[in-house]
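Below is one structure, written out as structure tokens, with a few remarks after it.
Numbering (the UniProt record's numbering), first residue to last: 1 to 274.
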């Protein structure tokens, strides 16, 4: 017997409301607070739990920057700009109305705050981003109401639609008809962030002028690379990025540095490049 009520199943199998999805430069997006709201609506107060399994500071560095005018000319006194990266792992657990556990899912994410003038705000923004992204990834295991369909090229149409574990009621004495397994459209691959082929050698962080550990350097480079590809997806520039990167910096992506990835990201999003 299902531990989910009929109203819960009806909501979970419905397509996500377009009003809950925003689009930023071509990328479909749902807010973390809205995910929490929908968890409350579906499972009730006390019907779910969120546990932070790990929250690690993986990179922190500063750079002296100046503000720029509309023509890109620097002006004013230099200020210290902070870039911080956190990595979070979160567990989402949901419960039936009688308190029995339905399921639990773990997932992780990296969050960054780039060139923030406030040291505290940089840490706050990066850790909140990591925790929020990890929660949203956990919640996609609950289907379309929690953003699963958005991985299908931003689709708002339901991609789950039915569950053999929760068949609809049939006529008295009759077994419900089996769903058509060939009715789904072709599956499109979800975006993937390329990983660096090898870590950068240990050295000095050119942005801060302080020695950086080999592990911290590699993690910071990986986070910067992921941030650059995320920016490219937002402006639908992924196909042209490798060629443009090589043309701009004089070498392929595989040889790119943390600073170059950050500069490329800032250029794509219209921000300052250190």
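Just so you know, even glycine gets a beta-carbon here, dropped at the ideal spot from N, CA and C. Only a predicted model underlies this, so the values are computations on that prediction, with no experimental measurement involved.
| Asked | Found |
| --- | --- |
| Beta-carbon spacing of residue 90, residue 58 below 9 Å | no |
| Neighbour-count burial assignment, residue 206, 16 or more Cβ in a 10 Å radius | Its pLDDT being 32, under 50, residue 206 is placed unreliably in this model, and the value from its coordinates should be taken loosely. So residue 206 counts as exposed. |
| Whole runs of the beta strand (DSSP E) within the stretch 41 to 77, excluding any shorter than 3 residues | 48 to 68 |
| Alpha helix (DSSP H) segments (min. 4 residues) lying fully within the stretch 216 to 259 | 241 to 249 |
| Alpha-carbon spacing of residue 146 relative to residue 6, whole angstroms | 18 Å |
| Distance between beta carbons of residue 88 and residue 134, contact taken as under 8 Å | 5 Å |
| CA-to-CA distance, residue 269 to residue 92, given in whole angstroms | 32 Å |
| Residue 132 classed as buried or exposed, judged by whether at least 16 other C-beta atoms fall within 10 angstroms | buried |
| Where residue 101 falls: helix, strand or coil (DSSP) | strand |
| Candidates 127, 159 and 125: closest to residue 140 by CA position | 159 |
| C-beta atoms of residue 82 and residue 61 nearer than 9 Å | yes |
| Simplified DSSP state of residue 164, which is helix, strand or coil | coil |
| Straight-line Cα distance separating residue 73 from residue 16 | 45 Å |
| Residue ranges of each beta strand (DSSP E) within the stretch 98 to 148, 3 or longer | 101 to 116 |
| One or two residues paired with residue 92 in a DSSP bridge | 50 and 105 |
| Identity of the residue in 68, 125, 164 and 36 nearest residue 45 by Cα | 36 |
| Under 9 Å between C-beta atoms of residue 103 and residue 13 | no |
| Minimum C-alpha distance to residue 11 - residue among 237, 80, 65 and 43 | 43 |
| Residue from 221, 155 and 99 with nearest C-alpha to residue 18 | 155 |
| Exposure of residue 243, with buried meaning 16 or more beta-carbon neighbours within 10 Å | exposed |
| Cβ-based neighbour list, residue 253, same chain, cut-off 6 Å, excluding 5 preceding and 5 following | 242 and 245 |
| DSSP three-state assignment for residue 81, whether helix, strand or coil | strand |
| Cβ-Cβ distance between residue 48 and residue 40 below 9 Å | yes |
| Local Cβ density within 10 Å of residue 259, reported as buried at 16 or more and exposed below that | buried |
| Residue 225 beta carbon near the ligand SAH (any heavy atom closer than 8 Å) | The model depicted lacks the ligand SAH and carries no ligand whatsoever. |
| Local Cβ density within 10 Å of residue 53, reported as buried at 16 or more and exposed below that | exposed |
| Exposure label - residue 129; buried when at least 16 CB within 10 Å | buried |
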